[in-house]
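To start, the structure under review is shown below, and the notes come after it.
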Amino acid sequence: MLKKRAFLSVMLTSLFSSNGYCDELFNGLATRTDNSHNTFIKDLAESASTIKTATFTVAVNAKSFSDEILTVRTPDNTAITYYKKRLRVENGRQIWTGFRDKNATHDLMNNIVLVNNNGSIAASFRVDGQLYQIYPAKNNHAVVAKIDEGKIPVSPPGSTTSAIRTVTCPVHPPYQGDSGQKSTIRVAIVTTKESRQALSASDLTALTTVAFEEANLGAANSDVGINFVPAGILDANYSENGSYSTMLNEMRTSSGSELSKEIDNFRTKNRAHLAVMLLKDNSASGKGYNDATRSTAFSVIRYSYLTGTYTFAHEMGHNIGASHDLEQYENNQPQRLPCYRHGFKSEESSSASGWRTIMSYKCNTGSCSRINMYSNPRITYNGIAAGNAEFEDNARRLNERRETVAAFY
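Mind the numbering: the sequence shown is residues 0 to 408 in numbering that gives the first Met the number 0, read in order.
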């Protein structure tokens, strides 16, 4: 039974208290924003993938919401309704997830993940695959961004390891499944001086809560036995310089950099199996080491791709042992063992829209939204197997290596 309808106007338009009372969350488009908002919005707009942004004024400092229905609005002021799948509280923050169809269980083209951090709202939501992000802003404001995933810059060329050659694929035994307990993988978030400045008008705690929720939903959707847990935020004394590869290399324990020492101390203190550094640099979306050891368990991502795009889960997937779709490699041939470690994509056809899994790059034809799951040939999406056993089984690879990563600390 549905409760009184919530209007979350992004205009998120409403959040609710547990007694069902409905307050207007936004009064509408903000008529004034302070300089910090303008700087933040300008930086978002400079991302190649940002189509449009809009800033809204929050009417009340909402404390809680619990309704079965939330309605959001895009920057074009189109109202979109979602039905609650789950509402839970974590460290005082409310996490609301749902789908546009009230009977849906896994509509990954029409889903929402929304976090309320004491009235500070962060979210990502999709409408027929189209991605939108909600960023909390100071002084009761929120920024909504419409994203073109096809224009998200891919990782820069060049390997972060030694030269890789095509491998010969052995015949692997059939996968026997995974029935073990979940592995807990603790993840430290690292900020640079530049990314901290860029996010100073927002709420990083709310944003990272969305990112971890998305990563764990992606693992669950794929039958991957991993629970990603926050291991704290390190505000590093580090200024961005050079390429993504250069900055990633400076995180390595063996680099001897001051950054690596900061990160190593923080990881040891907080038992962080992985560390992800947020950058302001918008020349790429992310980069991470493949098949990480304890001393290479690092990745870097552009801060505006922390939520919604699944870049966070993508780079951690590299660390644990997953690779891109085969088209990203010379002659479509595997370059690392095991050969089933790759992502999957379903190209658009006359009867269906294209889609791709977390580790895959964009399709060659038509629209190709990234869905929140790793390749897994034992699972179908829209009637299509999300991979094949020979080359496209990220889930198997992640399950086989998750305990190795969890044993780093």
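From the three backbone atoms N, C-alpha and C, an ideal C-beta is built for every residue, glycine too.
Take residue i and list the residues in its own chain whose beta-carbon comes closer than 7 Å to its own, dropping the five residues that flank it on each side.
| i | result |
| --- | --- |
| G217 | Y309, A312, I357, N371, M372, Y373 |
| A384 | P376 |
| T52 | I40, L43, A44, P74, V142, V143, A144 |
| S48 | I146, D147, E148, K150, I151 |
| M0 | For M0, the predicted structure reports a pLDDT of 32, less than 50, and the residue's modelled location is therefore unreliable. The matter cannot be settled from this model. |
| G157 | Residue confidence is low: G157 scores 47 on pLDDT, short of 50, so the model does not pin down where it sits. Its coordinate-derived value is still stated next. S244. |
| N381 | A351 |
| L258 | A235, Y237, E249, M250 |
| N398 | D177, V223, G224 |
| G307 | S123, L130, Q132, I146 |
| Q332 | T165 |
| I50 | K145, I146, D147 |
Could you give the residue range of the alpha helix (DSSP H) that holds residue i?
| i | result |
| --- | --- |
| L247 | 243 to 250 |
| L336 | L336 -> no alpha helix (DSSP H), and no H or E assigned at all. |
| R401 | 393 to 405 |
| F390 | F390 -> no alpha helix (DSSP H), and no H or E assigned at all. |
| R164 | Per DSSP, R164 belongs to no alpha helix (DSSP H) and is neither H nor E. |
| L258 | 257 to 269 |
For residue i, which residues does DSSP report across the bridge?
| i | result |
| --- | --- |
| F98 | Y82, N110 |
| Y131 | F124, K145 |
| V275 | I188, S298 |
| H411 | Any property of residue 411 remains undetermined from this structure, which presents the chain solely from 0 to 408. |
| S182 | I225 |
| K51 | K145 |
| Q93 | V88, N115 |
| C367 | G353 |
| A136 | H140 |
| L305 | Its beta-bridge partners do not exist; DSSP assigns none. |
| K150 | Its beta-bridge partners do not exist; DSSP assigns none. |
| A384 | T379 |
Measuring alpha carbon to alpha carbon, tell me which of the options ends up nearest residue i.
| i | options | result |
| --- | --- | --- |
| A210 | V404, F227, N220 | F227 |
| L247 | F265, N289, E326 | N289 |
| V189 | S221, A214, A200, D234 | D234 |
| Y134 | N76, T208, A47 | T208 |
| E239 | N264, P229, E193, S254 | E193 |
| N236 | S256, P229, A121 | S256 |
| S221 | A406, N393, V404, R400 | N393 |
| L305 | I79, L206, S199, T104 | L206 |
| A121 | F265, A200, T267, L325 | A200 |
| A405 | G307, E326, E212, G224 | G224 |
| F124 | I79, K137, G91, E89 | I79 |
| T204 | H36, S119, D280, A214 | S119 |
| D202 | K361, I50, R92, G386 | R92 |
| E67 | T38, F98, V88 | F98 |
| A103 | T38, R369, K83 | K83 |
Could you check whether the Cβ of residue i sits closer than 7 Å to any Cβ belonging to chain B?
| i | result |
| --- | --- |
| S254 | The question asks about chain B, but that chain is absent: this structure has only one protein chain. |
Can you list, in chain order, the residues of its chain whose CB lies under 8 Å from that of residue i, leaving out five sequence neighbours each side?
| i | result |
| --- | --- |
| F297 | L247, M250, R251, I262, L273, A274, V275, M276, G287, Y288, A291, N318 |
| R335 | I163, V166, N289, D290, S322 |
| L278 | T191, E193, S194, E239, Y243, M246, V299, I300, R301, Y302 |
| G415 | Absent from the model: residue 415. The displayed extent of the chain is 0 to 408, so no value can be given. |
| S161 | Reliability fails at S161, whose pLDDT of 45 lies under 50, so the model's placement of it is uncertain and the value that follows must be treated cautiously. Closer than 8 Å at Cβ, skipping near neighbours: no residue. |
| G241 | none |
| L212 | Per the sequence presented here, residue 212 reads as Glu, with Leu not at that position. Excluding sequence neighbours, E212 sits near I94, T96, V112, V114. |
Please work out which residues of its chain come closer than 6 Å, Cβ to Cβ, to residue i, disregarding the five sequence neighbours upstream and downstream, and give them in chain order.
| i | result |
| --- | --- |
| R85 | T96 |
| A230 | R185, V186, A187, N269, A271 |
| E391 | H341, F343, S374 |
| A410 | Given that the chain is displayed from residue 0 to residue 408, the structure contains no residue 410 and the question cannot be resolved. |
| E402 | S182 |
| A388 | P376 |
| R400 | I319, G320 |
| D280 | E239 |
Need the endpoints of the beta strand (DSSP E) that residue i sits in, please.
| i | result |
| --- | --- |
| G287 | 285 to 287 |
| T208 | It is not in any beta strand (DSSP E) - T208 instead sits in the alpha helix (DSSP H) that spans 203 to 220. |
| R293 | Taken as a continuous stretch (DSSP letters only), R293 belongs to no beta strand (DSSP E), as it is neither H nor E. |
| V71 | 68 to 72 |
| I378 | 375 to 380 |
Assess contact between the region 109 to 128 and the region 162 to 181, defined as three or more Cβ pairs (one per stretch) separated by less than 8 Å. Is contact present? No, because fewer than three Cβ pairs between the region 109 to 128 and the region 162 to 181 fall closer than 8 Å, the two stretches do not touch.
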